[in-house]
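Enquirer: Take a look at the following structure, please.
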Amino acid sequence: MAINKFVAISLVSAVAVLGTACSVTAPQDSITVKPSKPKNIIMVVADGMGPAYTTAYRLYKNDPTTDEIEPTVLDQFLVGTARTYPASVSGYVTDSAASATALAAGVKTYNGAIGLDVDKNRVETVLQRAKKLGKRTGVAVTSQIVHATPASYIAHNESRRNYNQIADSFLDDRIDGKNIADVMLGGGWDYFIRDDRNLVAEFKDLGYQYADSYTELLALPSGKPTLGLFADMGLSKALDDSNPHRLSVLTESAIGHLENTNGFFLLVEASQVDWAGHANDIASAMGEMEDLEQTIKLLKNYVDMHPDTLVVLTADHSTGGLTIGADGDYRWSPEFIQNMKASVTVMSEQIIEQEDMALYAEDIFGFELNDEEKNHISGITSDMKPREREGVLKLLLDKRTNTGWTTSGHTGVDVEVYAFGTGAEAFAGNLNNTDIAKKIFSILGDVE
Numbered sequence: 018m019a020i021n022k023f024v025a026i027s028l029v030s031a032v033a034v035l036g037t038a039c040s041v042t043a044p045q046d047s048i049t050v051k052p053s054k055p056k057n058i059i060m061v062v063a064d065g066m067g068p069a070y071t072t073a074y075r076l077y078k079n080d081p082t083t084d085e086i087e088p089t090v091l092d093q094f095l096v097g098t099a100r101t102y103p104a105s106v107s108g109y110v111t112d113s114a115a116s117a118t119a120l121a122a123g124v125k126t127y128n129g130a131i132g133l134d135v136d137k138n139r140v141e142t143v144l145q146r147a148k149k150l151g152k153r154t155g156v157a158v159t160s161q162i163v164h165a166t167p168a169s170y171i172a173h174n175e176s177r178r179n180y181n182q183i184a185d186s187f188l189d190d191r192i193d194g195k196n197i198a199d200v201m202l203g204g205g206w207d208y209f210i211r212d213d214r215n216l217v218a219e220f221k222d223l224g225y226q227y228a229d230s231y232t233e234l235l236a237l238p239s240g241k242p243t244l245g246l247f248a249d250m251g252l253s254k255a256l257d258d259s260n261p262h263r264l265s266v267l268t269e270s271a272i273g274h275l276e277n278t279n280g281f282f283l284l285v286e287a288s289q290v291d292w293a294g295h296a297n298d299i300a301s302a303m304g305e306m307e308d309l310e311q312t313i314k315l316l317k318n319y320v321d322m323h324p325d326t327l328v329v330l331t332a333d334h335s336t337g338g339l340t341i342g343a344d345g346d347y348r349w350s351p352e353f354i355q356n357m358k359a360s361v362t363v364m365s366e367q368i369i370e371q372e373d374m375a376l377y378a379e380d381i382f383g384f385e386l387n388d389e390e391k392n393h394i395s396g397i398t399s400d401m402k403p404r405e406r407e408g409v410l411k412l413l414l415d416k417r418t419n420t421g422w423t424t425s426g427h428t429g430v431d432v433e434v435y436a437f438g439t440g441a442e443a444f445a446g447n448l449n450n451t452d453i454a455k456k457i458f459s460i461l462g463d464v465e
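Here the sequence shown is numbered in this note's numbering, starting from 18 and rising by one per residue.
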């Protein structure tokens with residue numbers, strides 16, 4: 018049974034898709050006997066999402082007219098935590114490549130490694146095992162599809178920065194004569210359409226259908242090998258994209274192309290929670306978390322209708338050292354980022370073109386500036402670098418919300434693990450991140 022297409026497509030600026038989580042419900046005669054083993058496995062990685070992000074998002078979504086702080090969709094599926102440290106050669110704090118390799122292959126490795134162990138030997142990933150077992154495989158991400166997390170499930174390379182080599186391997190590497198991934202959705206034109214090689218054309222020659230816009234993607238026939246690239250590198254921020262729920266759109270489309278009698282393995286990555294953390298951008302972080310929650314709603318509805326499916330959600334690490342409350346002030350005020358019309362990145366590009374910069378900022382922020390804030394805004398000039406202009410805007414929001422950050426990099430804290438569907442109970446407790454892959458390998462079983 019193919020998953021339903023979104024029913025609402027409208028024009029926003031140019032042709033854009035307004036996607037929401039799938040609203041299907043389980044039929045009255047749905048299966049009541051729970052399968053003993055999942056046929057489909059969906060691994061969701063929220064890159065950079067440490068515990069402070071999930072707490073912040075709960076407060077961000079809270080209804081202030083009630084006394085209770087309402088749980089998010091994620092909260093009902095919390096089963097444990099995971100340790101994130103890399104191989105000892107890289108210390109205690111992991112990067113996305115080492116952590117993704119741990120989540121994908123069950124081995125600790127050095128920071129920067131893609132599908133390799135510390136000795137740079139190739140290691141099998143759960144996606145590759147699924148392919149060997151005859152399942153369809155895919156990735157749906159908001160970064161470029163050759164970024165560290167999706168690459169670590171599909172490819173093998175000594176450095177995550179070798180983007181062109183990784184892109185080549187997506188096409189050139191084979192398992193039993195077949196491409197490793199049947200569906201690849203995300204960004205990455207820069208790496209797939211190059212002067213030296215046009216991988217899009219080569220994938221088409223192999224029978225893959227291709228889309229470079231959301232509307233084209235939704236119009237493709239389901240059940241076929243599919244490559245979808247929607248940006249030069251990563252997709253636009255959720256706050257700026259024509260579809261703020263673009264991850265749920267990509268996830269639903271990927272499932273539609275992967276469904277088959279043998280089952281599938283799908284990696285979903287909310288890639289840009291991490292990017293917001295690196296940028297210390299609280300508004301964008303909450304926009305990415307909302308996109309993630311919509312995706313989990315969609316997957317919950319899918320599991321209700323397809324109980325032979327397992328969904329596991331975790332983070333590879335935490336980013337930015339986010340704190341909700343700063344400088345000894347026991348306050349956090351998310352209402353000042355709940356009505357953002359664009360990201361501070363877009364604002365920093367557009368504000369210098371405005372006749373009244375403070376009035377423009379009030380419109381995009383969704384609240385009235387005080388005199389001190391207006392003075393800060395008036396100090397923005399065209400001579401400033403974009404990051405400097407952006408920094409002024411982020412500092413204003415951090416002070417309004419009382420948000421704190423300890424770093425522009427990663428931290429070494431444990432991250433949360435969520436799971437639902439058949440086999441979810443196996444992921445309870447405090448796990449090593451490598452345990453997650455090992456448990457998925459056990460569920461998949463050996464290749465005969």
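From the three backbone atoms N, C-alpha and C, an ideal C-beta is built for every residue, glycine too.
If we call anything under 8 Å between Cβ atoms a contact, is Thr98 one with Val409?
Expert: Here residue 98 is taken as the residue at index 81 of the sequence shown, counted from 1. Here residue 409 is taken as the residue at index 392 of the sequence shown, counted from 1. Cβ atoms of Thr98 and Val409: not closer than 8 Å.
Enquirer: Just tell me which of Asp190, Lys125, Gln182, Ala378 has its CA closest to the CA of Ala393.
Expert: Counted from its first residue, the sequence shown places residue 393 at position 376. Sequence check: residue 393 is His here, not Ala. Answer by Cα proximity: Ala378.
Enquirer: Rounding to the nearest angstrom, what Cα-Cα distance links Thr326 and Lys56 in this structure?
Expert: For this step, residue 326 is matched to residue 309 along the sequence shown. For this step, residue 56 is matched to residue 39 along the sequence shown. Straight-line Cα distance between these residues: approximately 6 Å.
Enquirer: Kindly indicate which residue of Tyr347, Pro403, Ala332 has the alpha-carbon position closest to the one of Arg363.
Expert: As a working mapping, residue 363 is identified with position 346 in the sequence shown. Sequence inspection shows Val at residue 363; the Arg mentioned does not correspond to that position. The shortest Cα separation from Val363 among Tyr347, Pro403, Ala332 belongs to Pro403.
Enquirer: Checking the sheet assignment: what are the DSSP bridge partners for Thr420?
Expert: What you label residue 420 is simply residue 403 of the sequence shown in a count that begins at 1. Answer is Ile341, bridged to Thr420.
Enquirer: Which residues does DSSP pair with His427 in a beta bridge?
Expert: As a position in the sequence shown, residue 427 is number 410, starting the count at 1. Thr336, per the DSSP bridge assignment.
Enquirer: Check whether the stretch 444 to 455 and the stretch 352 to 369 are in contact - that is, three or more C-beta pairs closer than 8 Å.
Expert: Touching, no.
Enquirer: Count the other C-beta atoms from every protein chain shown that fall within 10 angstroms of the C-beta of Asn279, then say buried if there are 16 or more, exposed otherwise.
Expert: To locate residue 279, count along the sequence shown from 1; it is residue 262. Exposed is the call here.
Enquirer: Going by DSSP, what residue range makes up the alpha helix (DSSP H) through Asn181?
Expert: Locating residue 181 in the sequence shown gives position 164, counting from the first residue. Counting along the chain, the alpha helix (DSSP H) containing Asn181 begins and ends at 180 to 189.
Enquirer: Quick one: which unbroken beta strand (DSSP E) runs of 3-plus residues sit fully inside the stretch 194 to 221? Chain order, please.
Expert: Taking only runs of at least 3 residues, the beta strand (DSSP E) segments lying wholly in the stretch 194 to 221 are 200 to 204.
Enquirer: Consult DSSP for Ile86 and reduce its assignment to one of helix, strand or coil.
Expert: As a first step, residue 86 is located in the sequence shown; it is residue number 69 there, counting from the start. Looking at Ile86 - three-state DSSP - the assignment turns out to be coil, as it is neither helix nor strand.
Enquirer: Just how far apart, CA to CA, sit Ala359 and Asp134?
Expert: Mapped onto the sequence shown, residue 359 falls at position 342. Mapped onto the sequence shown, residue 134 falls at position 117. The alpha-carbon atoms of Ala359 and Asp134 are separated by roughly 41 Å.
Enquirer: Using a Cβ-Cβ cut-off of 8 Å (strictly less than) and excluding sequence neighbours within five positions of Leu76, which residues of its own chain qualify?
Expert: Start at 1 with the first residue of the sequence shown, and residue 76 comes out as number 59. These residues qualify, in order along the chain: Ile86, Ile341, Trp349, Pro351.
Enquirer: Under the rule that 16 or more other beta-carbon atoms within 10 Å means buried, what is Met376, buried or exposed?
Expert: As a first step, residue 376 is located in the sequence shown; it is residue number 359 there, counting from the start. Just to set this straight, residue 376 is Leu in the shown sequence, not Met. It is exposed - the Cβ of Leu376 has fewer than 16 other Cβ atoms within 10 Å.
Enquirer: Quick one: residues in its chain with C-beta nearer than 8 Å to the C-beta of Ser425, no 5 flanking neighbours on either side, listed in chain order?
Expert: As a working mapping, residue 425 is identified with position 408 in the sequence shown. Correct list, in chain order: His295, Ala296, Asn297, Gly337.
Enquirer: For the stretch 93 to 181, list the beta strand (DSSP E) runs that are entirely contained and at least 3 residues long, ordered along the chain.
Expert: You should have 95 to 100, 153 to 161.
Enquirer: Where do the N-terminal and C-terminal ends of the beta strand (DSSP E) with Arg447 fall, by residue?
Expert: Your numbering for residue 447 matches position 430 in the sequence shown. Sequence check: residue 447 is Asn here, not Arg. Taken as a continuous stretch (DSSP letters only), the beta strand (DSSP E) holding Asn447 covers 446 to 449.
Enquirer: Taking Glu283 and Ala300 to be in contact with their CB atoms under 8 Å, please state how far apart those CB atoms are, rounded to whole angstroms.
Expert: The residue given as residue 283 occupies position 266 in the sequence shown. The residue given as residue 300 occupies position 283 in the sequence shown. The question names Glu, but residue 283 is Leu in the sequence shown. About 29 Å; that fails the 8 Å criterion.
Enquirer: When you compare only the Cα positions, how much space is there between Pro167 and Glu442?
Expert: Taking the first residue of the sequence shown as 1, we reach residue 167 at position 150. Taking the first residue of the sequence shown as 1, we reach residue 442 at position 425. One C-alpha to the other measures close to 25 Å.
Enquirer: Would you be able to state if there are at least three C-beta pairs under 8 Å between the stretch 144 to 156 and the stretch 198 to 207?
Expert: Touching, per the Cβ criterion.
Enquirer: Rounded to whole angstroms, what's the CA-CA distance from Gly132 to Ala117? Just pull it up for me.
Expert: Position 115 of the sequence shown, counted from the first residue, corresponds to residue 132. Position 100 of the sequence shown, counted from the first residue, corresponds to residue 117. Distance between the alpha carbons of Gly132 and Ala117 is about 8 Å.
Enquirer: Give the DSSP-derived three-state secondary structure of Met60 in the structure shown.
Expert: Counted from its first residue, the sequence shown places residue 60 at position 43. Strand.
Enquirer: Where DSSP assigns a beta bridge to Phe282, which residues make up the other side?
Expert: Taking the first residue of the sequence shown as position 1, residue 282 is located at position 265. Answer is Ile58, Thr154, bridged to Phe282.
Enquirer: Do the CB positions of Gln161 and Gly245 come within less than 8 Å of each other?
Expert: Numbered from its first residue, the sequence shown carries residue 161 at position 144. Numbered from its first residue, the sequence shown carries residue 245 at position 228. No, they are not a contact pair.
Enquirer: Which of the three DSSP states is assigned to Gly273 in this structure?
Expert: For this step, residue 273 is matched to residue 256 along the sequence shown. Here Gly273 sits in helix by DSSP.
Enquirer: Would you call Gly123 buried or exposed, if buried means 16 or more other Cβ atoms sit within 10 Å of its Cβ?
Expert: Numbered from its first residue, the sequence shown carries residue 123 at position 106. Under this definition Gly123 is a buried residue.
Enquirer: Would you say the stretch 249 to 266 touches the stretch 305 to 313, given that touching needs at least three Cβ pairs under 8 Å?
Expert: The stretch 249 to 266, when compared against the stretch 305 to 313, does touch it at the 8 Å Cβ threshold.
Enquirer: Looking only at DSSP bridge pairs, what is Thr326 linked to?
Expert: Counting from 1 along the sequence shown, the entry for residue 326 is found at position 309. Looking at the DSSP assignment, Thr326 forms a beta bridge with Asn57.
Enquirer: Please report the straight-line C-alpha distance between Asp46 and Ser53, rounded to a whole angstrom.
Expert: Walking along the sequence shown from the start, residue 46 turns up at place 29. Walking along the sequence shown from the start, residue 53 turns up at place 36. Note on Asp46: pLDDT 43, under 50, position unreliable in the model; the coordinate value appears next. Rounded to whole angstroms, Asp46 to Ser53 spans 19 Å at the Cα level.
Enquirer: Work out the CA separation of Ala63 and Val290 for me, nearest whole Å.
Expert: Within the sequence shown, residue 290 is the residue found at index 273, counting from 1. Within the sequence shown, residue 63 is the residue found at index 46, counting from 1. Roughly 7 Å separates the two Cα atoms.
Enquirer: How should Asn138 be labelled, buried or exposed, when 16 other C-beta atoms within 10 angstroms of its C-beta is the threshold for buried?
Expert: Counted from its first residue, the sequence shown places residue 138 at position 121. Classification of Asn138: exposed, given that the 10 Å Cβ count is below 16.
Enquirer: Considering only residues of the stretch 228 to 271, which uninterrupted beta strand (DSSP E) runs meet the minimum length of 3 residues and lie entirely inside it, listed in chain order?
Expert: 243 to 246, all fully within the stretch 228 to 271.
Enquirer: For Ala104 and Gly396, what's the separation of their Cα atoms in angstroms?
Expert: Here residue 104 refers to the residue found at position 87 when the sequence shown is read from its first residue. Here residue 396 refers to the residue found at position 379 when the sequence shown is read from its first residue. Each residue's alpha carbon lies about 46 Å from the other.
Enquirer: Look at the alpha carbon of Ala454 and the alpha carbon of Leu461, and state the distance between them as a whole number of angstroms.
Expert: As a position in the sequence shown, residue 454 is number 437, starting the count at 1. As a position in the sequence shown, residue 461 is number 444, starting the count at 1. For Ala454 and Leu461, the distance between alpha carbons rounds to 10 Å.
Enquirer: Taking Glu390 as part of the beta strand (DSSP E), name the residues at either end of that continuous run.
Expert: Within the sequence shown, numbered from 1, the residue matching residue 390 stands at position 373. First-last for Glu390: 388 to 395, but that is the alpha helix (DSSP H), not the beta strand (DSSP E).
Enquirer: Any idea what DSSP makes of Tyr435, helix, strand or coil?
Expert: Walking along the sequence shown from the start, residue 435 turns up at place 418. DSSP places Tyr435 in strand when its eight states are reduced to three.
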